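Visitor: Sharing a structure, written as structure tokens. Questions coming.
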Amino acid sequence: MEDVDRSLTLLHLRKTFSEYCRMPLNGSKDGEKKFDRILPLFGRVMIMYPSPEEIVDKFKELCPFTGHLCRHLVQEIRLRAANECTQLAASAIVNFLLPDVADCRGWTLLNAACYLSFTKQEQVIEVMCRAALPSTLVKALYLFFDLPPPINGDLTVSKQKLFAVFQKVLKKLCEFNCVGEELTRKDDLFLLFAGASCACPAENIEWRETVSQLLLVILKLIVSLFTAKNCISVFLSNIYKEDENLLDQERIGMFICLLSVLKDSAATVNVLLQDFARANGYLLLRNFILKYSENEEVEEGIKSILLLIMSMATCGVTELKPNYTPGLIILSTFNLPVPSNNGLTLRNIDAESFCFQCKNGRICEAVVDAVHNIYASDAVNYFIADKECPLSQMIERMGPKSFQIQQKVMELVEYVVLHLNHIPCKELIALSVLLKTKISDNSLECCVLFLQSAFRILCANSLLKDAFREVGLVESLTWTMLHFISANKIRPLSESEGRVALLSTDILSLLVSNNLANACVFRENAGSKAIIDLICSNSDEWRASALQ
């Protein structure tokens, strides 16, 4: 019986609509009244057919009906949008579309349009485009940014219902090519991009967030327009505009929206990534992070931005070649990795070289962790990144960082040697310089960390003894030992000084053992005299290390 009722109701709708189409209409008001008699019937059909796709084959007049319904909705919205005051225009449209009010004709039309969009029929969506529904809804959405604050909470539930359906219908429409083409033709795609990055009152932020979501949906269809209209540049200038109404969290949300758009577009084309780079996007983003990195209130948002940036490092359609020049010393186990092309290969160097200079320790840790993940995702990534943003730069900047960050950087160096079987000469040179600098500054905790790491690296392969000599580490370690021997003649060494002195001596013992070339370098740098001084010293442990 239920199927019979459904069929009869749909048949009644078809008959009533056919009669409406044949009726002569005396002006738009007459047309509204006559079409309004059909709307309750379609409402019953929507209830009886909860899945919109069910009516496609049964409702032969689906496309003409959709056209009439959308034209009525568009006409009503445009009528209210004509007010020169954007606040009044936005309020008039919302009041017309609200559910649970005395005259809910607007809600009925919008809800019906939403239902029809989920029939997933291209021809139905094309009819909606011909009626200018997507364009009209986007313009209305932009107006909603100017909605006045609510006077009371009586309509909060109704407005949430409206928001949900309005967002739902637009997101569904934006999945179709014809909608992207219509929005492009009427310049509304630019309006979406501009809207996602402009200021609005706090109570209307959800409408702006809807725009951000629509961009991500429609991006897959249209990319060329974003470039033609300088959308990326406009977006960035809006974020940086001095606007007291724009909160820090809002700016962060806008950057997250933009980076998500860039990331999604890069799966197919590089155009938007290139636009972002040309607009100095990476520099602006770096400055933004440095500016807000010490603000604890937005720290999580900044971390989210960093994670997005790092995920962009593997985005792009152009394969990058590894940068590798064989050094004097090559481990027998080393083979230059080839890109796995599993979606985790580095393709965007600009995104990988990021923000280690910020002062917030937790954010710096997040950066190093992200770099480690990039290296571990594909063995070739270290070599691709090496030309533009080598690990040695991170080592040069790690001096003033916390112990935890320095430890993570040293783990990266160890990863390159122990897992990639590569001797990172630039990194070892940077560490050699850093060792002498930190000893001169009496910042010994970092030196202990480096020396412990150097010991683990040396133990991996005897060829690394030669590598340490080639990068100047034998000289640096000899200088370190001599420095503390001289200091010990004047005063007793502190505990940390003694530890650095002992570690450097232990490593030197390992370096010169069974390695004539290293022994010669050690002797040329006054190492022999140092050994004599150590044998005569009062430190049993240090003397024992020297006698090895």
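Each residue of the sequence shown is one higher than the one before, counting from 1 in UniProt numbering. Virtual Cβ for every residue (Gly too), placed ideally from N, Cα, C. None of the values given here were measured: they were computed from a predicted structure.
Mind checking residue 422: buried by the 16 CB within 10 Å criterion, or exposed?
Guide: Counting Cβ neighbours within 10 Å, residue 422 comes out buried, since at least 16 surround it.
Visitor: By alpha-carbon positions, which one of 237, 374, 231 ends up nearest to residue 274?
Guide: Here the closest residue by C-alpha is 231.
Visitor: Taking the CB atoms as reference points, tell me whether residue 345 and residue 365 lie closer together than 9 Å.
Guide: Cβ atoms of residue 345 and residue 365: not closer than 9 Å.
Visitor: Going straight from the alpha carbon of residue 326 to that of residue 280, what length do you get?
Guide: If you take the alpha carbons of residue 326 and residue 280, they lie about 34 Å apart.
Visitor: For the stretch 159-223, list the alpha helix (DSSP H) runs that are entirely contained and at least 4 residues long, ordered along the chain.
Guide: Runs found: 177-185, 188-195, 205-218.
Visitor: Using C-beta distances below 7 Å, list every residue in its chain close to residue 182, excluding the 5 sequence neighbours before and after it, in chain order.
Guide: Cβ neighbours of residue 182 beyond the five flanking positions: 129, 134, 135.
Visitor: Helix, strand or coil for residue 233? Go by DSSP, reduced to three states.
Guide: Reduced to three states, the DSSP call for residue 233 is helix.
Visitor: Under 9 Å, do residue 466 and residue 514 count as touching if we go by C-beta distance?
Guide: No. Outside cutoff.
Visitor: State buried or exposed for residue 23, treating a residue as buried only when at least 16 other CB atoms are found within 10 Å of its CB.
Guide: Residue 23 comes out exposed.
Visitor: In whole angstroms, what is the alpha-carbon distance linking residue 144 and residue 108?
Guide: Going by the C-alpha atoms only, they are around 20 Å apart.
Visitor: Which first and last residues belong to the alpha helix (DSSP H) in which residue 64 is found?
Guide: That run of the alpha helix (DSSP H) goes 62-81.
Visitor: Please identify the residue among 303, 374, 292 whose C-alpha is closest to the C-alpha of residue 315.
Guide: Residue 374 is the option with its Cα nearest to residue 315.
Visitor: What residues in its chain sit with their C-beta under 8 Å from that of residue 10, if we drop five residues either side in the sequence?
Guide: Once the five neighbours on either side are set aside, the close Cβ partners of residue 10 are 45, 48, 49, 55, 58, 59.
Visitor: Taking 8 Å as the cut-off, does the stretch 32-39 touch the stretch 89-96 (at least 3 CB pairs, one atom from each stretch)?
Guide: Segments in contact, no.
Visitor: With DSSP run on the structure shown, which of helix, strand or coil describes residue 376?
Guide: DSSP places residue 376 in helix when its eight states are reduced to three.
Visitor: What does a CB cutoff of less than 6 Å around residue 476 pick up in its chain, not counting 5 residues either side in sequence?
Guide: Around residue 476: 432, 435, 436.
Visitor: Okay, do the stretch 454-474 and the stretch 410-428 touch, 3+ Cβ pairs below 8 Å being the bar?
Guide: With the cut-off at 8 Å, the stretch 454-474 and the stretch 410-428 touch.
Visitor: Where in the stretch 95-159 do unbroken runs of the alpha helix (DSSP H), each at least 4 residues long, occur, reported from the N-terminal end onward?
Guide: As far as the stretch 95-159 is concerned, its whole alpha helix (DSSP H) runs of at least 4 residues are 105-117, 122-130, 133-143.
Visitor: When the distance is taken between beta carbons, is residue 249 closer than 9 Å to residue 211?
Guide: Contact flag unset, no.
Visitor: Buried or exposed: where does residue 13 fall if 16 or more other Cβ atoms within 10 Å of its Cβ makes it buried?
Guide: It is buried - the Cβ of residue 13 has at least 16 other Cβ atoms within 10 Å.
Visitor: Compute the Euclidean distance between the alpha carbons of residue 464 and residue 400, then round it to the nearest angstrom.
Guide: Whole-angstrom Cα-Cα distance: 28 Å.
Visitor: Measuring only the C-alpha atoms, how far is residue 396 from residue 209?
Guide: Cα-Cα distance, rounded: 41 Å.
Visitor: Inspect the beta-carbon positions of residue 103 and residue 161 and report whether they are closer than 9 Å.
Guide: Against a cut-off of 9 Å, the Cβ pair of residue 161 and residue 103 comes out as no contact.
Visitor: Below 6 Å CB to CB, which residues in the same chain sit around residue 1 once its five sequence neighbours on both sides are set aside?
Guide: Unreliable positioning characterises residue 1 in this predicted model, as indicated by a pLDDT of 40, which lies under 50. The coordinate reading is nonetheless provided below. So no residue of the chain qualifies.
Visitor: Relative to the alpha-carbon of residue 19, which residue among 52, 65, 5, 7 has its alpha-carbon at the smallest distance?
Guide: The shortest C-alpha separation from residue 19 is found at 65.
Visitor: Tell me which residue opens and which closes the alpha helix (DSSP H) that residue 478 is part of.
Guide: From DSSP, the alpha helix (DSSP H) with residue 478 extends over 473-490.
Visitor: For residue 1, name the three-state secondary structure that DSSP assigns.
Guide: Low confidence applies here, because residue 1 scores a pLDDT of 40, under 50, leaving its location unreliable and the question unanswered by this model.
Visitor: List the whole-angstrom C-beta distance separating residue 196 from residue 219, where the pair is believed to meet the contact cut-off of C-beta under 8 Å.
Guide: That belief does not hold up - the Cβ atoms of residue 196 and residue 219 are roughly 11 Å apart, past 8 Å.
Visitor: In angstroms, rounded to a whole number, what distance separates the CA positions of residue 529 and residue 393?
Guide: Rounded to the nearest angstrom, the two C-alpha atoms are 35 Å apart.
Visitor: Give me the residue from 110, 439, 362 with the minimum Cα distance to residue 294.
Guide: Nearest option by C-alpha distance: 362.
Visitor: Helix, strand or coil for residue 370? Go by DSSP, reduced to three states.
Guide: Here residue 370 sits in helix by DSSP.
Visitor: Which of the three DSSP states, helix, strand or coil, is assigned to residue 14?
Guide: Reduced to three states, the DSSP call for residue 14 is helix.
Visitor: So which of 132, 84, 119 has the shortest CA-CA distance to residue 74?
Guide: Selected option, being the one with the closest Cα: 132.
Visitor: What do you get for residue 119, buried or exposed, if any count of 16 or more other CB atoms within 10 angstroms of its CB means buried?
Guide: Burial call: buried.
Visitor: Counting Cβ pairs closer than 8 Å, one from the stretch 325-341 and one from the stretch 296-313, do we hit at least three?
Guide: Output reads no: the stretch 296-313 does not touch the stretch 325-341.
Visitor: Is the separation between the beta-carbon of residue 213 and that of residue 171 shorter than 9 Å?
Guide: Closer than 9 Å, so yes.
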